[in-house]
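Participant: Before we start, here is the structure in question, set down as structure tokens.
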Amino acid sequence: MLRDVLRQIEQRDRFVLTSHARPDGDAIGSALACCQVLRAMGKRADVVLHDGVPRVYRALPFADQVMQANRIAGDYEAAIILECDSIHRTRLEGLENRFLISIDHHVSGRPFANVNWIDPHAVATGEMVFRLAREAGTPLSPEIATCLYTALMTDTGSFMFQGTNERTFALARELVLAGADPSHCARSIYFAHSVAKMRLLGEALRNLNTEGHVGWTWVTQEQMERWEAKEEDCEGLVNYVLSIGEIEVAAFFREMPDGRFRVSLRSKGKLDVARVAEGFGGGGHECASGCSVDGPLDRAVRDVLELLRGGPSVQ
Ligand code: 5GP
46 MLRDVLRQIE QRDRFVLTSH ARPDGDAIGS ALACCQVLRA MGKRADVVLH
96 DGVPRVYRAL PFADQVMQAN RIAGDYEAAI ILECDSIHRT RLEGLENRFL
146 ISIDHHVSGR PFANVNWIDP HAVATGEMVF RLAREAGTPL SPEIATCLYT
196 ALMTDTGSFM FQGTNERTFA LARELVLAGA DPSHCARSIY FAHSVAKMRL
246 LGEALRNLNT EGHVGWTWVT QEQMERWEAK EEDCEGLVNY VLSIGEIEVA
296 AFFREMPDGR FRVSLRSKGK LDVARVAEGF GGGGHECASG CSVDGPLDRA
346 VRDVLELLRG GPSVQ
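Count the sequence shown with my numbering and you get residues 46 to 360, in order.
Below is the structure:
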């Protein structure tokens, strides 16, 4: 599939790249890096994201060139969609009738594009962009390496999540050799939070519940408004629940303006949370997944917990 993707790229000149709404480090890092790889191949390429670049990723090379929009407009010959299982997850209009190339590493990845390169063995989509760069013979600049290292570091939970293996470290080594600075990459992400996020963490910890090996918490719209917190300030709060010793699986519920709830699910490895999320129309990985469920809060918690209590174990 990699060769197929490269062939399709070689045949065209003008590309738009995008990823999912509420982009995480892998979405941003792999889109920025892939854009630079295309430019190094002599192509014209832009990155367009529905939600723009979250605060913690704004220091990444070329992040200031990302366009925030609701719609893709322009004479692009193809769109490269990273980390998505559908056009819908980009929340962008104007992709429908374009030539689409999908690059994704989720187990729940679906072949929705004209060309689909889905590799659940890759620990991050950034790993796939690295392979694309190598196959294309593009030199790895320190800027590309920095974007890819950030993708790798964030999607492996700082090299802690299941799936992290010797290939992950071999790739990290290559990226550091190419000019990525690990402490700089880590500092600008893990030591760059907003005060609002810390306030929200306080609320989430006050709302913490545990029941056997399952832990969950939530934040409401009212709490988010009180601290002027943004969606991106909720990123990673679920990990505080998972950090409790006896907890095997954690859920974080964020109330959305329409009264539904965004759910982040995390597992230490015994329970497959991708399958739980898929049950609600979402997806992700065995150990990290997400979905949206109907409110009110009691119902959202009840519905999700029902599946988490006796949920599917990892095969
Ligand atoms: P998060 O909880 O950080 O939003 O998402 C965790 C993982 O699940 C990420 O890899 C993300 O891409 C995936 N994910 C989250 N929400 C959805 C969703 O609604 N659909 C799909 N297919 N994947 C999701």
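Note that beta-carbon positions come from the ideal geometry of N, C-alpha and C, so glycine has one too.
Looking only at its own chain, which residues have a Cβ that is under 6 Å from the Cβ of E277, when we skip the five neighbours before and after it?
Facilitator: Around E277: P99.
Participant: Can you name, in chain order, every residue of its own chain whose Cβ lies under 6 Å from the Cβ of S309, other than the five neighbours on each side?
Facilitator: Once the five neighbours on either side are set aside, the close Cβ partners of S309 are V283, F297 and G335.
Participant: Using 8 Å as the Cβ pair cut-off and three pairs as the minimum, do the stretch 177-196 and the stretch 74-87 touch?
Facilitator: The stretch 177-196, when compared against the stretch 74-87, does touch it at the 8 Å Cβ threshold.
Participant: From I125 to R176, what distance separates their C-alpha atoms?
Facilitator: Rounded to the nearest angstrom, the two C-alpha atoms are 15 Å apart.
Participant: Tell me, please, which residues DSSP counts as bridged to S334.
Facilitator: BP columns for S334 point to L310 and G329.
Participant: Report yes if the C-beta of R67 is less than 8 Å from at least one heavy atom of the ligand 5GP; otherwise report no.
Facilitator: Yes.
Participant: Counting Cβ pairs, one atom from each stretch, are 3 or more of them under 8 Å apart for the stretch 284-293 and the stretch 254-267?
Facilitator: Enough Cβ pairs lie closer than 8 Å, so yes.
Participant: Under 8 Å: does the beta carbon of D317 sit that close to some heavy atom of the ligand 5GP?
Facilitator: No, the Cβ of D317 stays beyond 8 Å of every heavy atom of the ligand 5GP.
Participant: Alpha carbon to alpha carbon, what distance is there between A295 and L353?
Facilitator: Spanning the two alpha carbons is a distance of roughly 9 Å.
Participant: Cutting at 7 Å between CB atoms, please list the residues of its own chain near G139, excluding the five before and the five after it.
Facilitator: Result list for G139: R116, I117 and A118, in chain order.
Participant: Helix, strand or coil for I132? Go by DSSP, reduced to three states.
Facilitator: Correct three-state label for I132: coil.
Participant: In three-state DSSP terms, what is A241?
Facilitator: If DSSP states are grouped into helix, strand and coil, A241 belongs with the helices.
Participant: Which residues in the same chain as S147 place their Cβ atom closer than 6 Å to its Cβ, once the five residues preceding and following it in sequence are excluded?
Facilitator: Closer than 6 Å at the Cβ level, and outside the excluded window around S147, lie I126, A158 and N161.
Participant: For L353, is the beta carbon positioned less than 8 Å from some heavy atom of the ligand 5GP?
Facilitator: No, since every heavy atom of the ligand 5GP falls outside the 8 Å radius drawn around the Cβ of L353.
Participant: Leaving aside the five residues before and after L245 along the sequence, list all residues of the same chain whose C-beta is less than 8 Å from its C-beta, in chain order.
Facilitator: So the qualifying residues of the chain are V264, Q268, M269, W272, A274, D278, C279 and L282.
Participant: For the ligand 5GP, I want to know if E20 counts as a neighbour, meaning its beta carbon is within less than 8 Å of at least one of the ligand's heavy atoms.
Facilitator: In the structure as shown, the chain starts at 46 and stops at 360, and residue 20 therefore has no counterpart that could be examined.
Participant: Give the list of continuous alpha helix (DSSP H) stretches no shorter than 4 residues that lie fully inside the stretch 65-106.
Facilitator: The stretch 65-106 contains these whole alpha helix (DSSP H) runs: 70-85.
Participant: Would the beta-carbon of D58 fall within 9 Å of that of E122?
Facilitator: Result yes, Cβ atoms of D58 and E122 sit closer than 9 Å.
Participant: Might you give, ordered along the chain, the residues of its own chain that have their beta carbon closer than 6 Å to the beta carbon of S312, omitting 5 neighbours on each side?
Facilitator: Excluding residues within five positions, the ones whose Cβ falls inside 6 Å are V294, V318 and C332.
Participant: Residues in its own chain within less than 8 Å of Y235 by CB, not counting five upstream and five downstream?
Facilitator: Cβ within range, chain order: S203.
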